[in-house]
Every structure is written in structure tokens, then in C-alpha cells.
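A.B. asks: I'd like to ask you about the structure that follows.
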Amino acid sequence: MAMHSRVQLLAEDIWDTPDDENRYEVIDGELYVTPPPSLAHQHIVSELLANLRTFARAHDLGEVYVAPLGVILQRTSGVQPDIVFISPRRAEIITPRGLEGAPDLAVEVLSPSTASRDRGIKMRQYAASGIEHYWIIDPRRRTLEAYELRTNGYELAASLGESDIFEPPLFPGLSIRLTDLWR
Numbered sequence: 011m012a013m014h015s016r017v018q019l020l021a022e023d024i025w026d027t028p029d030d031e032n033r034y035e036v037i038d039g040e041l042y043v044t045p046p047p048s049l050a051h052q053h054i055v056s057e058l059l060a061n062l063r064t065f066a067r068a069h070d071l072g073e074v075y076v077a078p079l080g081v082i083l084q085r086t087s088g089v090q091p092d093i094v095f096i097s098p099r100r101a102e103i104i105t106p107r108g109l110e111g112a113p114d115l116a117v118e119v120l121s122p123s124t125a126s127r128d129r130g131i132k133m134r135q136y137a138a139s140g141i142e143h144y145w146i147i148d149p150r151r152r153t154l155e156a157y158e159l160r161t162n163g164y165e166l167a168a169s170l171g172e173s174d175i176f177e178p179p180l181f182p183g184l185s186i187r188l189t190d191l192w193r
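Sequential numbering from 11 applies to the sequence shown in this note's numbering.
Right, dumping it as C-alpha cells:
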């Protein structure tokens with residue numbers, strides 16, 4: 011009887027992927043490839059990035075980065091969240107090639123090809139790696155869900171609709187008008 015073995019990839023392998031505009035991630039040793047995002051997706055990422063980066067810099071809260079950026083979470087998991095935030099207490103994870111450890115915040119903007127992964131295996135991986143805050147933005151439903159890490163995984167801390175104002179506890183004093191994300 012022939013036995014088949016499956017090759018398990020390492021997180022480090024994300025830095026050896028083709029430069030073809032696709033996003034490559036390794037989660038639990040499995041390779042995931044995502045095509046380039048839509049214009050609507052990129053608009054949301056750009057708007058949120060501008061809000062977070064401007065506020066974080068003005069208040070010396072830490073660094074905000076946008077994909078593509080390699081984030082090594084565990085030996086067999088290297089991902090590329092849409093946006094990440096790193097506070098000064100975790101600054102040591104910032105390296106010349108990317109992040110080598112869990113950021114304080116990971117943000118994913120859902121796409122039809124990634125929604126189940128972002129709400130499933132990636133969410134579990136983010137929690138297991140100690141990412142304290144995880145935001146999921148759904149462009150189709152025009153919602154933002156903010157999760158906070160608790161003892162047993164993520165707990166929904168806020169669920170906001172298309173015209174709500176988000177005041178994330180991670181950024182005291184910041185108000186994000188969600189209507190700006192959907193324009």
C-alpha cells in the first residue's frame with residue numbers, strides 16, 4: 011500500500027512566493043492564494059488606513075501598516091492582513107522584512123473569495139497567536155465587527171452598520187465615520 015505524504019509549508023515560505031500581485035499566505039502549513047482585491051476593497055482599506063495612521067502618529071500610539079506585508083504568527087502560519095497596528099509594547103516584532111509576531115490589531119476587509127477564511131481559519135489563527143483586536147469589515151453588508159481576545163477566543167465587542175460611528179477603545183479619542191468607508 012502506497013503512503014502519500016503532504017508537504018507542510020512554513021510561515022517563512024511567504025517570502026519565497028512569486029511577485030505576481032496575488033497575495034500568498036501559509037496557514038497551518040497550507041498555502042492560500044488570493045487574487046488582487048477589488049477597487050471597493052482598496053477604497054475601504056485606504057480610508058481606514060488614513061484614519062488609523064494619522065491618529066496613531068499624532069498621538070504616538072504605534073505603527074500602522076497595510077498589505078502586502080508578511081506577518082509571521084507561528085512556525086507554520088504567515089499571513090497578510092489588510093491592515094495591522096503595532097503598539098510600542100510590541101515594537102520588537104517589526105523587522106526589516108515584515109512582522110515576526112502578533113500585532114495588536116489585524117483588520118480584514120472581506121472579499122467573496124476570502125470571507126469564509128477570514129471568519130474561520132484566519133480568525134482562529136489570529137486568536138491562537140494572541141492578536142488582541144480583530145476587525146472584520148464587510149463591504150457587501152456595509153458593516154464592521156470588532157472582536158476582542160478573551161480567555162476562550164474572540165468575543166464580539168461591537169457590531170456597527172453603514173452609517174454608525176466607530177470609536178475603537180484601542181485608539182482612545184478616535185471616531186471613524188463608517189459612511190466614509192463606503193463612498
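Idealized CB from N, CA, C, for every residue including glycine. Computed from a predicted structure; not experimentally measured.
Just verifying my parser: in three-state terms, what is the DSSP assignment at Ser126?
C.D. replies: In the structure shown, Ser126 sits in a helix (DSSP, three-state: H, G or I).
A.B. asks: Return the first residue and the last residue of the beta strand (DSSP E) that Thr153 is part of.
C.D. replies: Element bounds for Thr153: 153 to 160.
A.B. asks: Near Gly163, which residues of its chain fall below 8 Å by C-beta distance, leaving aside the five closest residues on each side in sequence?
C.D. replies: Contacts found: Arg134, Ala137.
A.B. asks: For Leu211 and Ile54, I'd like the C-alpha separation in whole angstroms.
C.D. replies: Since the first residue of the chain shown is 11 and the last is 193, residue 211 is not available in this structure.
A.B. asks: Within 10 angstroms of the Cβ of Gln18, are there 16 or more other Cβ atoms? Answer buried if so, exposed if not.
C.D. replies: Classification of Gln18: exposed, given that the 10 Å Cβ count is below 16.
A.B. asks: Suppose the cutoff is 6 Å on Cβ atoms and the five residues either side in sequence are ignored; what does the same chain contact list for Ile82 look like?
C.D. replies: Closer than 6 Å at Cβ, skipping near neighbours: Ala21, Gly88, Glu110.
A.B. asks: Take the Cβ of Met11 as the centre, count every other Cβ of all protein chains shown within 10 Å, and call the residue buried at 16 or more, exposed below.
C.D. replies: Residue placement at Met11 is poorly supported in this model, since its pLDDT is 49, which falls under 50; the coordinates still yield a value, given next. The residue in question, Met11, is exposed, as its Cβ has fewer than 16 Cβ neighbours within 10 Å.
A.B. asks: Using DSSP's beta-bridge definition, name the partner residues of Arg134.
C.D. replies: Answer by DSSP bridge pairing: none, since Arg134 is not bridged.
A.B. asks: Can you tell me the Cα-Cα spacing of Asp29 and Ala125, whole angstroms?
C.D. replies: Asp29 and Ala125: Cα-Cα distance of roughly 24 Å.
A.B. asks: Out of Leu62, Arg33, Ser121, Pro46, which one is the CA nearest neighbour of Phe176?
C.D. replies: Measuring from the Cα of Phe176, the nearest candidate turns out to be Leu62.
A.B. asks: Rank Trp145, Asp114, Ala77, Arg152 by C-alpha distance to the C-alpha of Ser198 and give the top, closest one.
C.D. replies: Any property of residue 198 remains undetermined from this structure, which presents the chain solely from 11 to 193.
A.B. asks: From Ala153 to Ser169, what does the alpha carbon distance come to, in whole angstroms?
C.D. replies: In the sequence as presented, Ala is not what sits at residue 153; that position holds Thr. Each residue's Cα considered, the two are about 7 Å apart.
A.B. asks: For Ala77, name the three-state secondary structure that DSSP assigns.
C.D. replies: Note: Ala77 maps to coil in three-state DSSP.
A.B. asks: In the DSSP assignment, the alpha helix (DSSP H) including Thr44 goes from what residue to what residue?
C.D. replies: Where Thr44 is concerned, there is no enclosing alpha helix (DSSP H), although the beta strand (DSSP E) it sits in stretches over 40 to 44.
A.B. asks: Are Arg129 and Ile146 closer than 8 Å when you measure CB to CB?
C.D. replies: Yes. Within cutoff.
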